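A.B. asks: Handing you a structure now.
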Amino acid sequence: MRIKVLRQKSPFSKPYWQEFDYTYIENQTVAGMLDELNYKDDLIDINGEPAPRIQWECSCLQGMCGGCAMVINNRPALACETFLKDIKGDTVVLEPLKKFTTICDLVVDRGIIQENLRKSNTYIEEYKGADQSEYEHMYAAGKCLKCGLCLEVCPNYKGGKSFFGAAFANDCYLIASRSGTMENAVKESYRTNFENGCSKALSCVDVCPMKIPTLASIAKMNRK
Amino acid sequence: MKKVLIVGSGIAGLSCAISCAEKGMEATLVSPFPSERSQSVLAAGGINAVINSGETSDSIESHIEDTLKGGCFIAGENAVKGLCESASDILRWLVKLGTVFTTDSDGSVCRRAFGGQSHRRTCYCGSATGKQIVTALVMEARRYEGLGLIKRRLWTDFYCTLIRDGVCYGALFYNEATGAPEILTADSVVIATGGQNALFGKTTGSKSCDGYAAGRLFMQGVELKNLEFIQYHPTTMATDQKMMLVSEAARGEGGRLYYEEKGKRVYFMEDKFGENGNLMPRDIVSRCIEETGKQVFLDISFLGKEKILKRLPEVYELCMKYRGIDVSKESIPVSPAVHFFMGGIAVKNNHETNIRNLYAIGECASIYHGANRLGGNSLLAALYGGKVAAASIGSRTFEKRDIDFSVEHKEASEKLRSMRESKSTYPVMYIRDMLAESMQENLGIVRSSEKLDKGLDDVSFYLSVADKIHYDSSELAYFGYSLPGILTLAKATLICAKSRQESRGAHYRSDFPDTKEEWKAATIISYDDGKYRTYLDTEGRYEN
Numbered sequence: 001m002r003i004k005v006l007r008q009k010s011p012f013s014k015p016y017w018q019e020f021d022y023t024y025i026e027n028q029t030v031a032g033m034l035d036e037l038n039y040k041d042d043l044i045d046i047n048g049e050p051a052p053r054i055q056w057e058c059s060c061l062q063g064m065c066g067g068c069a070m071v072i073n074n075r076p077a078l079a080c081e082t083f084l085k086d087i088k089g090d091t092v093v094l095e096p097l098k099k100f101t102t103i104c105d106l107v108v109d110r111g112i113i114q115e116n117l118r119k120s121n122t123y124i125e126e127y128k129g130a131d132q133s134e135y136e137h138m139y140a141a142g143k144c145l146k147c148g149l150c151l152e153v154c155p156n157y158k159g160g161k162s163f164f165g166a167a168f169a170n171d172c173y174l175i176a177s178r179s180g181t182m183e184n185a186v187k188e189s190y191r192t193n194f195e196n197g198c199s200k201a202l203s204c205v206d207v208c209p210m211k212i213p214t215l216a217s218i219a220k221m222n223r224k
Numbered sequence: 001m002k003k004v005l006i007v008g009s010g011i012a013g014l015s016c017a018i019s020c021a022e023k024g025m026e027a028t029l030v031s032p033f034p035s036e037r038s039q040s041v042l043a044a045g046g047i048n049a050v051i052n053s054g055e056t057s058d059s060i061e062s063h064i065e066d067t068l069k070g071g072c073f074i075a076g077e078n079a080v081k082g083l084c085e086s087a088s089d090i091l092r093w094l095v096k097l098g099t100v101f102t103t104d105s106d107g108s109v110c111r112r113a114f115g116g117q118s119h120r121r122t123c124y125c126g127s128a129t130g131k132q133i134v135t136a137l138v139m140e141a142r143r144y145e146g147l148g149l150i151k152r153r154l155w156t157d158f159y160c161t162l163i164r165d166g167v168c169y170g171a172l173f174y175n176e177a178t179g180a181p182e183i184l185t186a187d188s189v190v191i192a193t194g195g196q197n198a199l200f201g202k203t204t205g206s207k208s209c210d211g212y213a214a215g216r217l218f219m220q221g222v223e224l225k226n227l228e229f230i231q232y233h234p235t236t237m238a239t240d241q242k243m244m245l246v247s248e249a250a251r252g253e254g255g256r257l258y259y260e261e262k263g264k265r266v267y268f269m270e271d272k273f274g275e276n277g278n279l280m281p282r283d284i285v286s287r288c289i290e291e292t293g294k295q296v297f298l299d300i301s302f303l304g305k306e307k308i309l310k311r312l313p314e315v316y317e318l319c320m321k322y323r324g325i326d327v328s329k330e331s332i333p334v335s336p337a338v339h340f341f342m343g344g345i346a347v348k349n350n351h352e353t354n355i356r357n358l359y360a361i362g363e364c365a366s367i368y369h370g371a372n373r374l375g376g377n378s379l380l381a382a383l384y385g386g387k388v389a390a391a392s393i394g395s396r397t398f399e400k401r402d403i404d405f406s407v408e409h410k411e412a413s414e415k416l417r418s419m420r421e422s423k424s425t426y427p428v429m430y431i432r433d434m435l436a437e438s439m440q441e442n443l444g445i446v447r448s449s450e451k452l453d454k455g456l457d458d459v460s461f462y463l464s465v466a467d468k469i470h471y472d473s474s475e476l477a478y479f480g481y482s483l484p485g486i487l488t489l490a491k492a493t494l495i496c497a498k499s500r501q502e503s504r505g506a507h508y509r510s511d512f513p514d515t516k517e518e519w520k521a522a523t524i525i526s527y528d529d530g531k532y533r534t535y536l537d538t539e540g541r542y543e544n
């Protein structure tokens, strides 16, 4: 099968396409394929030219850390849980997430996610206890990977300057529902940095690898 | 204001940073990636604590006894006592930070049975306990980040510590953005870099935990401890990319291990150890699975889909996603795989190493688990260790000294420059892969002098060539400069395994199958200019 990768040497250099041949393995994931491509032998592109190893980020390789988020055949996804057998056609096109600065190849700087949470003071401070009927929702929201897939697909997210996106909304829910001191501040921040910018396209819900019910977070925050 | 440099931002690093900030110190968390990428998020099963709502017959003494017994009596009693006595406070702290624990209808934290424990005391968040704790700690750290008491440095890789005359003054890092080395000085440095997975390649853990920091510190004069004790988790599921952990929680909820013979199921653990046989300590279960010589299965289907989805949702999803197995209908094929390192950097009870002002916490430190760790004690140890180190640093006064580390900086610059200019296409990963293959083969569940010698021959050869080879410069420079440290740690591990001529806990020698009283002490290993020296810590040098 053909692997087409949008490559970039550094944040300041021009991106370019490079293609590779790869022998299809049924149960292989895109992450496993990248590892094999990089290290099975010298990396040679389809023109027979030696290529630098493909840079990508990974840690857990089982969908729990969000490191390997990238755009796979135009769909943002985690490489470690995207199987080659589920890809239509015989070409895999890999691109870095486009809403973030590319560091090199498929590695992007997602620091803006944490930076926005930090500057909007998204923390509990005084825990007032939790409503047990909210357990499943809290548990799901607590599993947010901060992988950035929800921001990548969001039509309203433009780099995180004013609209912070779904990852922010879910953390707001976790705080507003359980903090005795930060509830009002978080509600205010939510209004400024999320509510006014969200057009409820809800593409964030479909793409989330942890299946976080972001719509429920939004509904509860809007009611507060 | 005291400045603390913390290398690694998983649960141990976060716990230490928050504790430092609570005491008015300034903590800098340095790591290549944010906390959400740390191995801590993979910790599934739970955290041990004796709590008021628990079994009335349970006690802190019982938790101490189980931990010491599980560790085959070579963990320090005082250290373990401190750990277990603090567990309920740590649990309350986590609840207060908003960790989403699974609770009973009355709101009390649920507990499950875990291997090697006399009572149900493993508190949990579904089967994603580590992830939920990371989420809560990241939020709390954020509060102090806003106050300027916690700072974060990302895209920054550890290079070495800065030591003069037995005192640590900071560390040198590789800045991925500039490609240059960078010195960060501090009153204390805390290493929280996790276990040494890279020694074995495919493990249950993160690819980011490679043991380099421990290996490099060892080469700088830091003593290491108990490296031979490597925990093989009995129930992992093989996939093309890694060994996926099937949490001990699955057996805690009643899961049964068996193999098939003549069309019948043989519940070998129950046959051998009675009805609680599936929950024997991990070292024993792993060895029993290996002894069967057969494909072993874990059955939880009888729990029913509803209970599985409520108590073990991640186990259900993992098996379905990566192997297409519906665990509510089918059994899971399991085998043991490297999961946790009881050994690591030798630390005293305050978590300081033999170098003053240099601390180690979390999995990279060796202190609480002896020869075998109990499930549920690693999260506890990571949190507790961070707090203990912060308390020790907080109680110290530090002398300000201006020390010139330009020689170290220049050496690192030269090394990185020469790596950058390499025209070679040979990747460092080839040597890492060969190392992993040899370690898997020669330092498995059952060891022998012959196999350990073979492993030592292999690793010594890789070490002899590691610095002479030019590597592919399109790989991250970190992979190149970290290789000698990783190989040195591998060699030290094999030497420790060879030196211990008995079987104890996770260290089983086919040529020395008995446990011997004279070996009832930790192995310490030191390094001096290429020479490795081991001794048994019979006097408890690290026990204070």
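Heads up: the protein sequence lines correspond to chains F and G, in order.
Counted from 1, the first sequence has number 22 at position 22 by the numbering used here; the numbering is strictly sequential.
Counted from 1, the second sequence has number 292 at position 292 by the numbering used here; the numbering is strictly sequential.
Every residue, glycine too, gets a C-beta built ideally from N, C-alpha and C.
Quantities reported herein were computed from a predicted structural model and do not represent experimental measurements.
#1: Exposed or buried, residue 88 of chain F, counting other C-beta atoms within 10 Å across all chains shown (16 or more means buried)?
#2: Taking Cβ positions only, does residue 110 of chain F come closer than 9 Å to chain G?
#3: Taking the alpha helix (DSSP H) that residue 313 of chain G belongs to, which residues open and close that run?
#4: Measuring CB to CB, does residue 177 of chain F end up less than 9 Å from residue 138 of chain F?
#5: Closest by CA to residue 126 of chain F, which one among G:339, G:96 and G:118?
#6: Leaving aside the five residues before and after residue 371 of chain G along the sequence, list all residues of the same chain whose C-beta is less than 7 Å from its C-beta, in chain order.
#7: On the three-state DSSP scale, how would you describe residue 342 of chain G?
#8: I'd like to know if the region 156–171 of chain G and the region 93–106 of chain F are in contact, where contact means that at least 3 CB-CB pairs between them fall below 8 Å.
#9: Quick one: grab the DSSP three-state call for residue 530 of chain G.
#10: What runs of the beta strand (DSSP E), each 3 residues or longer, lie entirely inside the region 209–252 of chain G?
#11: Identify every run of the beta strand (DSSP E) within the region 368–448 of chain G, keeping only runs that are complete inside it and at least 3 residues long; order them along the chain.
#12: Any beta carbon of chain G sitting closer than 9 Å to that of residue 49 of chain F?
#13: Please confirm if the region 470–477 of chain G is in contact with the region 181–195 of chain G, defined as three or more CB-CB distances below 8 Å between the two stretches.
#14: Where does residue 53 of chain G sit, in a helix, a strand or coil, going by DSSP?
#15: Does any C-beta atom of chain G lie closer than 9 Å to the C-beta of residue 81 of chain F?
#16: Between residue 214 of chain F and residue 204 of chain F, is the Cβ-Cβ spacing less than 9 Å?
#17: Cα separation between residue 322 of chain G and residue 541 of chain G?
#18: I need the straight-line Cα distance from residue 64 of chain G to residue 48 of chain G, nearest angstrom please.
#19: Inspect the beta-carbon positions of residue 214 of chain G and residue 191 of chain G and report whether they are closer than 9 Å.
#20: At what residues does the beta strand (DSSP E) containing residue 175 of chain G begin and finish?
#21: Runs of 4 residues minimum, wholly inside the region 109–154 of chain G: which ones carry the alpha helix (DSSP H) assignment?
#22: Cα-Cα, which of G:106, G:123 and G:141 is closest to residue 132 of chain F?
#23: In the DSSP output, which residue or residues are listed as bridge partners for residue 153 of chain F?
#24: Using a Cβ cut-off of 8 Å, which residues of the region 7–38 of chain F contact any Cβ in chain G, in chain order?
#25: Indicate whether at least one CB of chain G lies closer than 9 Å to the CB of residue 160 of chain F.
#26: Excluding the five sequence neighbours on either side, which residues of its own chain have a C-beta within less than 6 Å of the C-beta of residue 265 of chain G, listed in chain order?
#27: Could you give the residue range of the beta strand (DSSP E) that holds residue 359 of chain G?
#28: Please check the pair residue 132 of chain G and residue 99 of chain G, which I expect to be a contact at CB under 8 Å, by giving their CB distance rounded to whole angstroms.
#29: What does residue 508 of chain G pair with, by DSSP beta-bridge criteria?
#30: Pick out whichever of G:524, G:179 and G:500 has its Cα sitting closest to the Cα of residue 513 of chain G.
#31: Mind checking whether the beta-carbon of residue 98 of chain F lies closer than 8 Å to any heavy atom of the ligand FAD?
#32: Locate the beta strand (DSSP E) running through residue 259 of chain G, then write down its first and last residues.
#33: Buried or exposed: where does residue 465 of chain G fall if 16 or more other Cβ atoms within 10 Å of its Cβ makes it buried?
#34: By Cβ distance below 7 Å, which residues in the same chain neighbour residue 537 of chain G in space, the five residues on each side in sequence not counted?
#35: Touching or not, the region 487–494 of chain G and the region 453–462 of chain G, by the rule of three or more beta carbon pairs under 8 Å?
#36: For the alpha helix (DSSP H) that contains residue 114 of chain F, what are its first and last residues?
C.D. replies: The answer reads as follows:
#1: Burial call: exposed.
#2: Closer than 9 Å to the CB of residue 110 of chain F there is at least one CB belonging to chain G.
#3: Counting along the chain, residue 313 of chain G sits inside the alpha helix (DSSP H) bounded by residues 313–323.
#4: yes
#5: G:96
#6: 71, 72, 74, 229, 342, 504, 505, 506 and 507
#7: coil
#8: No: fewer than three Cβ pairs fall under 8 Å.
#9: coil
#10: 230–238 and 243–245
#11: none
#12: The Cβ of residue 49 of chain F sits no closer than 9 Å to any Cβ of chain G.
#13: no
#14: coil
#15: yes
#16: yes
#17: Each residue's alpha carbon lies about 46 Å from the other.
#18: 11 Å
#19: yes
#20: 167–175
#21: Secondary structure remark: continuous alpha helix (DSSP H) runs of at least 4 residues inside the region 109–154 of chain G, in chain order: 129–146.
#22: G:106
#23: None, per the DSSP bridge assignment.
#24: 25, 27, 28, 29, 31, 32, 35 and 38
#25: no
#26: 258
#27: 358–360
#28: The C-beta distance from residue 132 of chain G to residue 99 of chain G rounds to 5 Å, short enough to fall under 8 Å.
#29: G:446
#30: G:500
#31: Within the structure as shown, the ligand FAD is missing, as the structure has no ligands at all.
#32: 256–261
#33: exposed
#34: Spatial neighbours of residue 537 of chain G in its own chain (CB-CB distance under 7 Å, excluding positions within 5 residues in sequence) are listed in chain order as 521, 522 and 524.
#35: With a cut-off of 8 Å, the region 453–462 of chain G and the region 487–494 of chain G count as touching, because enough Cβ pairs lie within range.
#36: 111–119
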